[in-house]
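Colleague:
There are 2 protein chains.
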Amino acid sequence: MLTQQRRQLILERLEQDGQIVAKTLATHLNLSEDTIRRDLRELAKEGLLQRVHGGALPASTATADIHARQNIAADSKQALARAASKMIQNGQIVLLDGGTTTLHLAKCLPKTLQATVVTHSPTIAVELANHPHVEVVLIGGKLDKHSLVTVGTAALEALSHIRADLYFMGVTGVHPEAGLSTGNLEEAYMKRALSNHAAETLVMASEEKLGVASAYMIMPITEISGLIVNALDNGADAAATSVYTSLGVTVTQVEASQN
Amino acid sequence: MLTQQRRQLILERLEQDGQIVAKTLATHLNLSEDTIRRDLRELAKEGLLQRVHGGALPASTATADIHARQNIAADSKQALARAASKMIQNGQIVLLDGGTTTLHLAKCLPKTLQATVVTHSPTIAVELANHPHVEVVLIGGKLDKHSLVTVGTAALEALSHIRADLYFMGVTGVHPEAGLSTGNLEEAYMKRALSNHAAETLVMASEEKLGVASAYMIMPITEISGLIVNALDNGADAAATSVYTSLGVTVTQVEASQN
DNA sequence: ATTATGCGTGCAATTTCGTGCAAAGTCAAG
DNA sequence: CTTGACTTTGCACGAAATTGCACGCATAAT
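Chain order of the listed sequences is A and B. Taking the working numbering as reference, the numbering of the first sequence is continuous, increasing by one, and the terminal residue is 259. Taking the working numbering as reference, the numbering of the second sequence is continuous, increasing by one, and the terminal residue is 518.
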């Protein structure tokens, strides 16, 4: 049995049983526990499972995961969110992506805002129920458990009836040549479709997303109209952003504010 | 069972029951109380629960409060939920209504269940993201801010493509002559439509809903196939339910369980 | 006050973990 | 075909984690 094959099997069994016990699996496959442990360590490093004493468990599931992710770079994301919220005007129809950055945006929208927000994230929809003058439209579809947004043809179909003014997109990678990217194919399709149904697409990218590329490309940078990013600590701002401005994208730099 | 898995189980059980009794759990899991106590100590150190003499309670006073508040009617609703969850079989397609009663149902579905759950409640959709083998389909539409479910023509349209085996309906009134009712017109339409797209409709009604009628009628009692209610304290059970059984509805009475 | 139950610590037995290391296997260039 | 770099695997050994038990103390109940 090939190593990669074995790792695949581990993931399948993990999905099926909800757990892996190193010793059991070693006996079952006629391998030393060391080998299994090595596999588990590797897979854990790639984030495909969660290593625990005695074996492994599925990679932290959605909600626990999103709570953990929420705290990553929360300050810089909140700064982005505040800047983005100022770009929305009364009466507009806004598409709001799923993800932690846009969740911050939803939370910091002024309570007085009168607008229609269309989203495919149930989390964001629930959050916006607190805003009395915002009409919330939820795009249905198959729920992606990792990113907690709806995807699939049903979602695309529901979207087809909608034409919005703004779309705030979250991504996991922004790269001058590789374009905008994310880690999930279905999501990539969805984001592309959302962008096609809005007059303007604005990408919100916190510091760690800049200059990196994820597995699935959404679209080239040239197709968006604005990029909202954090101001860098060092003085390299101008150099870092000129790449994007030269592609015709308006770059909004946000100073991290003190909390 | 892996240690981490056990800790996870403790947290889940804490959320479901609102309390943990060390001794009971130790017996139940065939472990020494020492081990359980150690777990509780660890989890308390992480702030995930509050250690008390004899066991543990939910962590923050806020959530404890929510649980206390929910527990007023929660015991009976949870009993309903447990009974309802047993009616779902692997491979089925289930429509789940919004509301607290059905949220309880979502929470107590076994993690091993393999089924498709269709819902128009974003809250329930997010909750079910934790169930690895449940495919979650969210019905989109305009979000009703009060009841936190989607309604409107978009929701009806999305629903039109779906045909389910079971529909678990929540209502605010069950009355022999006035039928099933709820407090919101859009919701009434939606529930009626959901019922039309399932082979069987089962209504979950906690004690205080029986014999009362709300503003908007959903449908007559005769159109549903089952009614899940709490067993009454007094001996009036037979009399109270005979009205419904004579209308051709299977009544499932649930004993409130002891915590 | 007294009794019973639960708590925490220390301890020992067992299991699991990680690392270093060597043997066996793989692959490609020469 | 051979050589050499690299990967994979199993083993050894010390470190760390887990668990059950015993003992003395704290807390709750009667």
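Using N, Cα and C, we set each Cβ at its ideal position, and we do this for glycine too.
#1: Are the Cβ atoms of A/Ile162 and A/Val118 separated by less than 8 Å?
#2: Run through the DSSP bridge pairs and tell me what B/Glu459 is partnered with.
#3: If you follow the beta strand (DSSP E) that B/Ala388 is in, where does it begin and where does it stop?
#4: Cβ of B/Ile352 less than 8 Å from any chain A Cβ?
#5: Once the 5 residues before and after A/Ala22 are set aside, which same chain residues still bring their CB inside 7 Å of it?
#6: Which residues in the same chain have their Cβ closer than 7 Å to the Cβ of B/Thr431, if we skip the five residues on either side of it in sequence?
#7: I want to verify the contact list: residues of chain B whose CB lies under 9 Å from the CB of A/Leu57, in sequence order.
#8: Is there contact here, the segment 334–345 of chain B with the segment 354–363 of chain B, by at least three beta-carbon pairs under 8 Å?
#9: Expressed to the nearest angstrom, what Euclidean distance is found between the alpha-carbon atoms of B/Asp324 and A/Leu143?
#10: Along the segment 428–442 of chain B, what residues have a CB closer than 8 Å to any CB found in chain A?
#11: Is it right to say B/Leu461 is buried, meaning 16 or more other beta carbons lie within 10 angstroms of its own, or is it exposed?
#12: Under 7 Å Cβ-Cβ, which residues of chain A neighbour B/Ile398?
#13: Does the beta carbon of B/Ala338 come closer than 8 Å to any beta carbon on chain A?
#14: Going along chain B in order, which residues have a C-beta closer than 9 Å to the C-beta of A/Gln19?
#15: Verify whether the separation of the beta carbon atoms of B/Asp424 and B/Gln309 is less than 8 Å.
#16: Should A/His28 be labelled buried (16 or more other beta-carbon atoms within 10 Å of its own) or exposed?
#17: Using a Cβ distance threshold of 8 Å, determine whether the segment 449–459 of chain B contacts the segment 361–376 of chain B, with at least three qualifying pairs required.
#18: So with Cβ pairs under 8 Å, would you call B/Leu302 a contact of chain A?
#19: Output the distance between the C-alpha atoms of A/Lys86 and A/Asn230, rounded to the nearest integer angstrom.
#20: Helix, strand or coil, according to DSSP, for A/His175 in the structure here?
#21: Determine which residues share a DSSP beta bridge with A/Gln50 and list them.
#22: Can you give me the Cβ contacts of A/Ala188 inside the same chain, cut-off strictly under 8 Å, excluding the 5 residues immediately before and after it?
#23: Could you give the DSSP three-state label for B/Lys450: helix, strand or coil?
#24: Within the chosen definition, does the segment 265–280 of chain B reach the segment 238–253 of chain A through at least 3 CB pairs nearer than 8 Å?
#25: Along chain A, which residues have their Cβ under 8 Å away from the Cβ of B/Pro381?
#26: Step through the CB atoms of chain A and report whether any lies within less than 8 Å of the CB of B/Ala452.
#27: Could you tell me the distance, in whole angstroms, from the CA atom of A/Ala155 to the CA atom of A/Ile221?
#28: Would you list the one or two residues that DSSP bridges to A/Ile228?
#29: Just to check my reading of the structure: A/Met204 and A/Ile228 have Cβ atoms closer than 8 Å, yes? What is that Cβ distance to the nearest angstrom?
#30: Write down the C-beta distance between B/Lys366 and B/Gln267 rounded to the nearest angstrom, noting that I regard them as a contact closer than 8 Å.
#31: The beta strand (DSSP E) spanning A/Leu143 covers which residue range?
#32: With burial defined as no fewer than 16 other Cβ atoms inside 10 Å of the residue's Cβ, what is the status of A/Gly47: buried or exposed?
#33: Could you pull the start and end residues of the beta strand (DSSP E) that A/Thr270 belongs to?
#34: Taking just the CA atoms, how far does B/Gly400 sit from B/Ile269?
#35: Starting from A/Thr153, find everything on chain B with Cβ-Cβ shorter than 7 Å and list it in chain order.
Modeller: To lay it out plainly:
#1: yes
#2: In the DSSP output, where bridge partners are listed per residue, B/Glu459 has B/Leu425.
#3: Here B/Ala388 belongs to no beta strand (DSSP E), and DSSP marks it neither H nor E.
#4: no
#5: Glu33, Ile36, Arg37, Leu40, Gly54 and Gly55
#6: Hits under 7 Å: Ser440, Thr441, Gly442, Lys468 and Ser473.
#7: Leu261, Gln263, Gln264 and Gln267
#8: yes
#9: Note that B/Asp324 scores a pLDDT of 45, beneath 50, so its modelled location is shaky and nothing firm can be said.
#10: Of all residues in the segment 428–442 of chain B, none is placed with a Cβ closer than 8 Å to any Cβ belonging to chain A.
#11: buried
#12: Gly140
#13: no
#14: Within chain B, the residues near A/Gln19 are Met260, Leu261 and Gln264.
#15: Not a contact, by the Cβ cut-off of 8 Å.
#16: Around the CB of A/His28, fewer than 16 other CB atoms lie within 10 Å, so the residue is classed as exposed.
#17: no
#18: It does not: the Cβ of B/Leu302 has no partner Cβ on chain A nearer than 8 Å.
#19: 15 Å
#20: Residue state for A/His175 is assigned as strand, using DSSP reduced to three classes.
#21: A/Leu57
#22: So the list reads Ser181, Thr182, Tyr216, Met217 and Ile218, once near-sequence residues are dropped.
#23: DSSP places B/Lys450 in helix when its eight states are reduced to three.
#24: no
#25: Within 8 Å Cβ-Cβ: Pro122, Thr123, Ala125, Val126 and Leu138.
#26: no
#27: 24 Å
#28: DSSP, once it has assigned bridges, lists A/Met204 and A/Thr252 as partnering A/Ile228.
#29: Right, their Cβ atoms sit about 5 Å apart.
#30: About 14 Å separates the beta carbons of B/Lys366 and B/Gln267, which is beyond the 8 Å limit, so they are not a contact pair.
#31: Gly141 to Asp144
#32: exposed
#33: Outside the shown range of chain A (1 to 259) lies residue 270 of chain A, about which nothing can therefore be said.
#34: 37 Å
#35: What A/Thr153 touches in chain B: nothing, since even the nearest Cβ is about 10 Å away.
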